[in-house]
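Worksheet: one structure, shown below.
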Amino acid sequence: MTTELERMLETWEPVIGLEIHVQLKTRSKAFSPSACEFGAPPNSLTDPLVLGLPGTLPVFNRAALELALRLGVATESQIRARSRFARKHYFYPDLPKGYQISQYDEPLCENGHIDIIADGAIKRVKLQRIHLEEDAGKNTHVGAVSHVDLNRAGVPLVEVVTSPELHSAGDAAELMRSLHRLVRWLDISEADMEKGQLRCDANVSVRIRGEDRLGTRTELKNINSFRFVQNAVENEILRQIRIVESGGRVTRETRLWDANLGQSASMRSKEEANDYRYFPDPDLPPLVVDGAMMGGILRSLPELPVARFERYQRAHGLSADDARLLVSERGLAEYFDALVAAHPGSSSGRTLANWMLTELLGALNAEGKSIEDSAMPPATLAALVELVQNGTISGKIGKEIFEESYKTGEAPLAIVDRRGVRQISDEHLLGEVVDRVVAANPKQAEGYRAGKDQLFGFFVGQVMKETQGRANPVVTSDLLRKRLGR
Amino acid sequence: MTAYWSIADTVRNIVSGEITATVLVETMLDRIGKLDDKLGAYLTIDKAGALGQAAAIDQKRKAGQPLGALVGVPISLKDNLVTKDLVTTAASKILDGWVPPYDATVVAKLRAAGAIILGKTNMDEFGMGSSTERSAYQPTKNPWDTARVPGGSSGGSAVAVAAGMCVGSLGTDTGGSIRQPAAFCGTVGLKPTYGRVSRWGVIAFASSLDQVGPITRTVADAAALLQVICGHDPRDATSLDTPVPSFREALGGDVKGLRIGIPAEYFGGDIDPQIRAAIERAVAALVERGADTVDINLPHTELALPAYYLVAPAEASSNLSRYDGIRYGKRVDATDLLEMYSKTRGAGFGPEVKRRIMLGTYALRSGYYDAYYRKAQQIRALIKKDFDKAFRFCDVVLTPTTPTAAFEIGAKATPFEMYLADIFTLSCNLAGLPGISVPCGLTDNNLPVGVQLLGKPLDEATLLRAGQVIESAVGLGDRRPPGAAS
């Protein structure tokens, strides 16, 4: 299948735009006081407004605005000083008022962008808009009976709409990952796709390469994992190219992705589409963002993952892979920055990243812990790395010290001193050991001098044995070469 | 006579112990029982609730506890005001038997002030009408001539007040629904500035126009009720956060130097000569007490009706989307969801409501929004500007409340004829201004005439002051409607 697609993609260019819904993590709902929680008993998180009772009125929860603005600023969007809520009408049992409060022609954010890291390089994807809206409830069907749970109804969302300028299923999935990372980074959403906190619809079309005009698009719904984004979009690209290659035309429609079957099915055609009858919600005054609020957001905005990805490579000489791993979660990046700050050597970024990614993350992973759970503070790990770098202990001993310090929390230097494992670099002291070893093994010395190079390792091993592994390997090798006369 | 006590008298008599709240409520319930079969003002009479409240007040008084500003005042509420544990239908079959779990803010405020709720009054379904003939339950008769309508949509409230079946009432006014029935029934009706009174718990008709206000027998009573229901409500985002003046202090003042604007557009050829004569007597009364008249122009007046009949139905079509048979109210079972919706709404809504839902749905269709809803909003802005300009030259605008006195039941054969009954009251809502209708005499047929005063935003005080001068000069005094004789 992949080969068929590869052949097709020589002629055809897919064009993909995503509409991504992100639940904002406010304590209460977007327009009423009920709590926002996942997994509560059905319809336990409701109030007269959530139930759409007659006479109820929405009052906007400004905490949601703050969160949405963080995303707007992080994506360098233009922020509208006065945006408006609009009503989007359709009838469905999970929509209690018969309309969703959303934003239409005056959204909060426009013309931003998200940078994605694809194949180690940074790609910029334009965003048409980010707007605020409320979530709907959830219907479940049991035989002939349908149940409505309104716990989710009214949870604040932002809808992020990208420009149609993604050209592969892989990039589409990567955009989802980047947005996932970004909203978690900004602490505005848990973005757990399994809990529906991050959801994606994809608009897909294909056209002959070099063509400017967009082909007829379909909208894919119900894509609720990163892998499904990849699969669903790829499947749709293939489906559309097969249609046009066999002389057919793609129908403008909404399709529902079935992850179990690995295929999509038509949900409704353009003719059946709703006319949402948008108009400004007369219950809600314009949403005003003032300079003070923007100033606060700008001041509190953390350095973003892609900026850190670049900085780690430029300033610390990290590989793209290590840099990418470090920016995959804000906690990792912050730990790394603290590690660098706690370490006296300015050019040790690579070494510090190695210790952190290999030793610390290895140990945490083995226990199923995240970086936030780490009992070893960055300063401790930095001190340990410094002991290795300044020759106090060898790298091998360093790993043992790490293990003990990680388990007990004891300071690395204290462990080193208690165990008496400081590295011996003193030439006089080591010289005596080397002399003893050479004298005790005349045959091997003779053999080495006669050209048996592999015997050098034997002598190093003997010195290490004599010193319980504490001999500085570089000094030891120098001394051995001199004594053995080669 | 108990039935026609003022609010001040009622409170004084309760506080002094002249009468107990229980006896007062029993007297009122008895009167309702005798009169209302004929008049049809009440949809629901809350005998147990009212007696319970009365007993509690008597208890409180005995115990020497502090009593509220409206202690023991028996009132009625239009049936689109949500009352906890008391059936609320907005006179629609779609809400047949609905028992709300909460109180509207105005209801809670009245209860807190010690007012006793006797019951819920009839209205045109969802407020859509000018005669109370569009109630899904019953007609209401005008006590001045039971062959005639009481006006609407707050017809039940106006009749209950005029016939002494309560001391005061609350109605709602979207395009004249307080002032027009007040005029037809010889009562005082005041629509406050948009945002003065909370809409939380008011069953929405047109959100940007709806406002709750008092219907009473005297201007002083209107001031007393207004005082209690005004004020900022954090549960209504359109509620104004401005201080509420003492309306009682506005009363009894003089009108010396007050500039009364007389808009040429409201005194054209269509007014009944007897109405014109009564209005002229009201003007003369003001002038006699030192007010000055100013000729003004409100050039966009003729556009108020078309603008209103786009804005109000558009918002109504949206607000009424929630009546879908899913969570409360009427449901007609069917084999699939779409059929359930259409059968439920088909059976639940009356013809006028359906007409307006269709009008509004049409106006908000994709591609028509600019031509209709947006255009209507632009006209609103022009109408508002007309008033802003006029208020540079005058302090209040004086007009007839209605072009004719109460018409006969069934007289308005087409919807459009009915719409014309509100021609003088619509602009006030479109511009968000306060307006009051005060009785200014009777026609030769013994039908009341109302004069309308429109004020600057938030200047209800001046309306009350000028209204009281008219009331004392040309009001109905002790003349009571013949249909209220038991």
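Here the protein sequences come in this chain order: A and B.
So the first sequence is residues 980 to 1465, counted in the numbering used here.
So the second sequence is residues 1026 to 1511, counted in the numbering used here.
A virtual CB, placed ideally from N, CA and C, is assigned to each residue, including glycine.
Give a yes or no on whether the C-beta atoms belonging to residue i and residue j are separated by under 8 Å.
i, j, result
"I995 (chain A)", "L1145 (chain A)", "yes"
"L1479 (chain B)", "V1421 (chain B)", "yes"
"A1133 (chain B)", "I1082 (chain B)", "no"
"G1238 (chain B)", "L1265 (chain B)", "no"
"L1102 (chain B)", "K1072 (chain B)", "no"
"P1125 (chain B)", "T1108 (chain B)", "yes"
"R1347 (chain B)", "G1034 (chain A)", "no"
"R1401 (chain A)", "I1372 (chain A)", "yes"
"Y1069 (chain A)", "N1253 (chain A)", "yes"
"C1255 (chain B)", "V1244 (chain B)", "no"
"F1412 (chain B)", "R1284 (chain B)", "no"
"A1115 (chain A)", "Q1079 (chain A)", "yes"
"A1028 (chain B)", "R1056 (chain B)", "yes"
"S1155 (chain B)", "S1179 (chain B)", "no"
"T1012 (chain A)", "D1128 (chain A)", "Note on residue identity: the sequence assigns Pro, not Thr, to residue 1012 (chain A). Going by C-beta atoms, P1012 (chain A) is not nearer than 8 Å to D1128 (chain A)."
"E1406 (chain A)", "L1458 (chain A)", "yes"
"A1358 (chain A)", "A1321 (chain A)", "yes"
"A1262 (chain B)", "P1135 (chain A)", "no"
"T1197 (chain B)", "G1226 (chain B)", "no"
"P1072 (chain A)", "I1382 (chain B)", "no"
"A1231 (chain B)", "C1465 (chain B)", "no"
"T1426 (chain B)", "R1204 (chain B)", "yes"
"W1469 (chain A)", "I1202 (chain A)", "As displayed, chain A neither begins before 980 nor continues past 1465, which places residue 1469 (chain A) out of reach and without an answer."
Measuring from the CB of residue i, is there a heavy atom of the ligand GTP at a distance below 7 Å?
i, result
"D1261 (chain B)", "Ligands displayed in this structure: none; no statement on the ligand GTP is therefore possible."
Below 8 Å on the Cβ atoms is my contact criterion, and I expect residue i with residue j to pass it. Report the Cβ-Cβ distance as a whole number of Å.
i, j, result
"L1266 (chain A)", "L1044 (chain A)", "7 Å"
"V1192 (chain B)", "I1434 (chain B)", "With a Cβ gap of about 27 Å, V1192 (chain B) and I1434 (chain B) do not count as contacting."
"A1188 (chain B)", "L1064 (chain B)", "6 Å"
"R1234 (chain A)", "S1248 (chain A)", "Actually they do not touch by this definition, with Cβ atoms about 10 Å apart."
"V1174 (chain B)", "E1158 (chain B)", "6 Å"
"L1343 (chain A)", "S1353 (chain A)", "6 Å"
"P1473 (chain B)", "A1208 (chain B)", "7 Å"
"F1438 (chain A)", "V1416 (chain A)", "6 Å"
For residue i, which residues in the same chain have their Cβ closer than 6 Å to its Cβ, ignoring the five residues on either side in sequence?
i, result
"L1384 (chain B)", "P1338"
"A1075 (chain B)", "V1050, I1141 and L1143"
"F1416 (chain B)", "K1481"
"R1188 (chain A)", "E992"
Only counting the same chain, and skipping five residues up and downstream in sequence, which positions put a Cβ closer than 7 Å to that of residue i?
i, result
"A1137 (chain B)", "G1093"
"R1160 (chain A)", "P1284 and S1307"
"Q1082 (chain A)", "S1062, R1063, F1064, A1065, H1110, L1111 and E1112"
"L1060 (chain B)", "A1188, M1190, A1509 and S1511"
Excluding five sequence neighbours on each side, which residues of the same chain lie with their C-beta closer than 8 Å to the C-beta of residue i?
i, result
"P1428 (chain B)", "D1295, I1296, D1297, I1300, L1445, A1446, I1448 and F1449"
"S1343 (chain B)", "G1385 and L1389"
"E1411 (chain A)", "none"
"A1097 (chain A)", "G1149, D1150 and E1153"
"V1029 (chain A)", "K1008, S1011, S1013, P1075, L1129, A1132 and G1133"
"L1217 (chain A)", "M980, E983, L984 and M987"
What are the residues that DSSP puts in a beta bridge with residue i?
i, result
"N1118 (chain A)", "A:V1127"
"N1182 (chain A)", "A:G996 and A:E1198"
"S1245 (chain A)", "A:R1234"
"Y1078 (chain A)", "A:H1068"
"F1258 (chain A)", "A:R1066"
"E983 (chain A)", "BP columns for E983 (chain A) are empty, so no partner."
"A1014 (chain A)", "A:S1007"
"N1167 (chain B)", "B:D1170"
"G1211 (chain B)", "BP columns for G1211 (chain B) are empty, so no partner."
"L1479 (chain B)", "B:V1422 and B:G1460"
"I1382 (chain B)", "Answer by DSSP bridge pairing: none, since I1382 (chain B) is not bridged."
- Task: Scan the stretch 1218 to 1252 of chain B for residues whose Cβ lies nearer than 9 Å to a Cβ of chain A and list them as they occur along the chain.
- Result: So the list reads S1223, R1224, W1225, G1226, V1227, I1228, A1229, A1231, S1232, S1233 and L1234, given in the order they occur along the chain.
- Message: Beta carbons nearer than 8 Å to chain B: which residues of the stretch 1027 to 1042 of chain A have them?
- Response: Answer set for the stretch 1027 to 1042 of chain A: P1027, L1030, G1031, L1032, P1033, G1034, T1035, L1036, P1037, V1038 and F1039.
- Task: Quick one: which residues of the stretch 1118 to 1142 of chain A get their C-beta closer than 9 Å to a C-beta of chain B? List them in chain order.
- Result: Under the 9 Å Cβ criterion, the stretch 1118 to 1142 of chain A contributes S1125, V1127 and L1129.
- Task: Pull out every residue of the stretch 1074 to 1105 of chain A whose Cβ sits closer than 7 Å to any Cβ of chain B, in chain order.
- Result: Of all residues in the stretch 1074 to 1105 of chain A, P1075, K1076, G1077 and Y1078 have a Cβ within less than 7 Å of some Cβ in chain B.
- Check each residue of the stretch 1239 to 1265 of chain A: if its Cβ is closer than 9 Å to any Cβ of chain B, include it; give the result in chain order. Hits within the stretch, in order: D1254, Y1255, R1256, Y1257, F1258, P1259, D1260, P1261, D1262, L1263 and P1264.
- Query: What are the residues of the stretch 1051 to 1068 of chain A that lie near chain B, defined by any Cβ-Cβ distance shorter than 9 Å?
  - Reply: Residues passing the 9 Å Cβ filter: R1066 and H1068.
- Query: Can you list, in chain order, the residues of the stretch 1347 to 1364 of chain B whose Cβ is nearer than 9 Å to any Cβ on chain A?
  - Reply: The stretch 1347 to 1364 of chain B vs chain A, Cβ under 9 Å: R1347, Y1348, D1349, I1351, R1352, Y1353, G1354, L1362 and L1363.
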